[in-house]
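Here is the structure we will look at.
Number of protein chains: 2
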Amino acid sequence: MAEEVLVFGAWGSPFSRRVEMALKLKGIEYKYIEEDITNKSPSLLKYNPVHKKIPVLVHNGKPVAESLVILEYIDETWKDSPILSKDPYERANARFWAKFIDEKCLSAIFKACWGEEKEHEKALEEASELLQFLENELKEKRYFGGETVGLLDIAANIIGYWLGVFEEASGVELMTREKFPKLCNWANEFVSVSAIKENLPPREKLIAYFRNRFGVGTASK
Amino acid sequence: MAEEVLVFGAWGSPFSRRVEMALKLKGIEYKYIEEDITNKSPSLLKYNPVHKKIPVLVHNGKPVAESLVILEYIDETWKDSPILSKDPYERANARFWAKFIDEKCLSAIFKACWGEEKEHEKALEEASELLQFLENELKEKRYFGGETVGLLDIAANIIGYWLGVFEEASGVELMTREKFPKLCNWANEFVSVSAIKENLPPREKLIAYFRNRFGVGTASK
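Taken in order, these protein sequences are the chains called W and Y.
So for the first sequence, the UniProt record's numbering puts the first residue at 1; every next one is plus one.
So for the second sequence, the UniProt record's numbering puts the first residue at 1; every next one is plus one.
Structure follows, in structure tokens:
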């Protein structure tokens, strides 16, 4: 049966890029539909009535929303090139840290880059503390997933690519090589993987987008 | 090999009760350690240095934190009496709605019960809208998991038991039988399952705890 795989996304979103990265890693063909997040399409609202957000994966007519949920769905539906280990403990770890990135790191990074001036030092320190956990979690591994890119690497695309963009757009220095040598090495490795590289929005365009959307960063105020 | 399974929890927490419910459903013996959340133990801080929160499951010395992550770990480690379907789409649905309960419903319910007085009507309406999604998701099923209790039922323990406690403690009426007949039936079925019933904190004690902690509800102000 010919499969129909649709991805509703936005070009600059790390969340819909996650979905595309996983599909590319597994060699699954899909049709990409760019959403205007200021004027959402009836299809998006139909497929994700709860959150009304990208990304949504629609597989043979059935929608799945929430990027981390989609990643697991992809891994369980197309089993080649797994992005989660078979080992329950490693799977739990990947899920734990992916959740940590979405629920803790992202808002801390935003606050460090574009938060209130008077809280800048504190926000910077908090974001650094969170990144330190990820630095430690890398241990001596090439990727979070071990020898190959896995779910946690994909979830960490925010750290591996978008963070550098946020830093440049806001003028804030956060993930320095001195403090985070492993994360920096990992980021370099990560963006060199072809399925990942093909799914990164152009850096300059992204910097312009975030600068335009969130203004000058806290450090430059 | 004799397995060691520890659960760090707090008696009134729906989150650590989730872990106990899953273990009980699967017939796994465990040792329960009650944490004083106002004075956390060195063990808890060692096992969950990131969030410093219960619940933590420690299996043969290895800690897993975050209740939904723990539920998946339990299901993958002890495969009898599965709490997730084998079907990737049903699994994705269960994960999606469990996440929805934690990230959307819980805060909306709290706001409806103990939020600011001037926002009470709006908060009540918002919480009702969210519960309506769950009402619809039940369809004609006995449990969210179908014929047996699954991960989403366990995650929904907040709706199935704690919500009634919140209502009584705060004096707010939210999940009425008129508006949510399916959810009300489900809640009755859910709390009648023996592995669940054994893991519910005493209702009166819980009401007193929440009344004491959060004070008189918005509706009574």
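Just so it is clear, CB atoms sit at the ideal spot from N, CA and C, and this is done for glycine as well.
Checklist entry - When you check each C-beta in the region 63-94 of chain W against every C-beta of chain Y, which residues fall closer than 7 Å? => result V64, A65, E66, V69, E72, Y73, E76, T77, P88, Y89, R91 and A92
Next on the checklist: Restricting to runs no shorter than 3 residues, where is the beta strand (DSSP E) found entirely within the UniProt domain "GST N-terminal" (3-82) of chain W?
Outcome noted: 5-9, 31-34, 56-59 and 62-65
Checklist entry - Would a C-beta distance cut-off of 8 Å place A65 of chain Y and F96 of chain W closer than the cut-off? => result yes
Item to check | Beta-carbon spacing of F210 of chain Y, F166 of chain Y below 8 Å | outcome: yes
Item to check | Where V5 of chain W meets chain Y, residues with beta-carbon distance less than 9 Å | outcome: Neighbours of V5 of chain W on chain Y: none; closest Cβ ~13 Å, over 9 Å.
Next on the checklist: Strictly below 7 Å CB to CB, what residues from chain W border V50 of chain Y?
Outcome noted: Near V50 of chain Y (Cβ distances below 7 Å), the residues of chain W are F100 and F133.
Item to check | Closer than 8 Å to chain Y by CB, F210 of chain W | outcome: Taking Cβ atoms only, chain Y never reaches closer than 8 Å to F210 of chain W, which makes this a no.
Checklist entry - What's the C-alpha gap between N48 of chain W and L57 of chain W? => result 10 Å
Checklist entry - Does the region 30-43 of chain W touch the region 76-90 of chain W, meaning 3 or more C-beta pairs lie closer than 8 Å? => result Two segments are said to touch when three or more pairs of C-beta atoms, one from each, lie closer than 8 Å; by this definition the region 76-90 of chain W does not touch the region 30-43 of chain W.
Next on the checklist: So if DSSP puts G146 of chain W in a beta bridge, which residue, or which two residues, is it bridged to?
Outcome noted: W:Y143
Checklist entry - What residues from chain Y crowd round F96 of chain W, counting only those whose CB sits closer than 9 Å? => result V50, V64, A65, E66 and V69
Next on the checklist: Using 8 Å as the threshold, is the C-beta distance between L206 of chain W and G12 of chain W below it?
Outcome noted: yes
Item to check | Reference P202 of chain Y; option with closest CA among Y:S107, Y:W162 and Y:F144 | outcome: Y:W162
Checklist entry - Between L200 of chain Y and V191 of chain Y, which are expected to be in contact by the criterion C-beta below 8 Å, what is the C-beta distance as a whole number of angstroms? => result With a Cβ gap of about 6 Å, L200 of chain Y and V191 of chain Y count as contacting.
Checklist entry - What are the boundary residues of the alpha helix (DSSP H) that includes N212 of chain W? => result R203 to F214
Next on the checklist: By the three-class DSSP mapping on this structure, what secondary structure does N136 of chain W have?
Outcome noted: Helix, per DSSP.
Checklist entry - Grouping DSSP H, G and I as helix and E and B as strand, with all else coil, what is S170 of chain Y? => result Here S170 of chain Y sits in helix by DSSP.
Checklist entry - Taking all protein chains shown into account, do 16 or more other C-beta atoms lie within 10 angstroms of the C-beta of N185 of chain W, making it buried, or fewer, making it exposed? => result Exposed, by the Cβ-count rule.
Checklist entry - Is it true that the CB of L138 of chain Y sits closer than 8 Å to the CB of I83 of chain Y? => result no
Checklist entry - For the alpha helix (DSSP H) that K182 of chain W lies in, which residues bound it at each end? => result P181 to S192
Item to check | Straight-line gap, P155 of chain Y to I74 of chain Y (C-alpha atoms, nearest Å) | outcome: A quick correction: the sequence has Ala, not Pro, at residue 155 of chain Y. So the alpha carbons of these two residues sit roughly 14 Å apart.
Checklist entry - Which same chain residues, not among the five before or five after L130 of chain W, have their C-beta less than 7 Å away from its C-beta? => result K104, C105 and A108
Checklist entry - Near F180 of chain W, which residues of its chain fall below 8 Å by C-beta distance, leaving aside the five closest residues on each side in sequence? => result L131, Q132 and E135
Checklist entry - So, are the CB atoms of A98 of chain W and L68 of chain W less than 8 Å apart? => result yes
Checklist entry - Would DSSP call S107 of chain Y helix, strand or coil? => result S107 of chain Y falls in the helix class under three-state DSSP.
Checklist entry - Which residues in the same chain have their Cβ closer than 8 Å to the Cβ of E189 of chain Y, if we skip the five residues on either side of it in sequence? => result R142 and Y143
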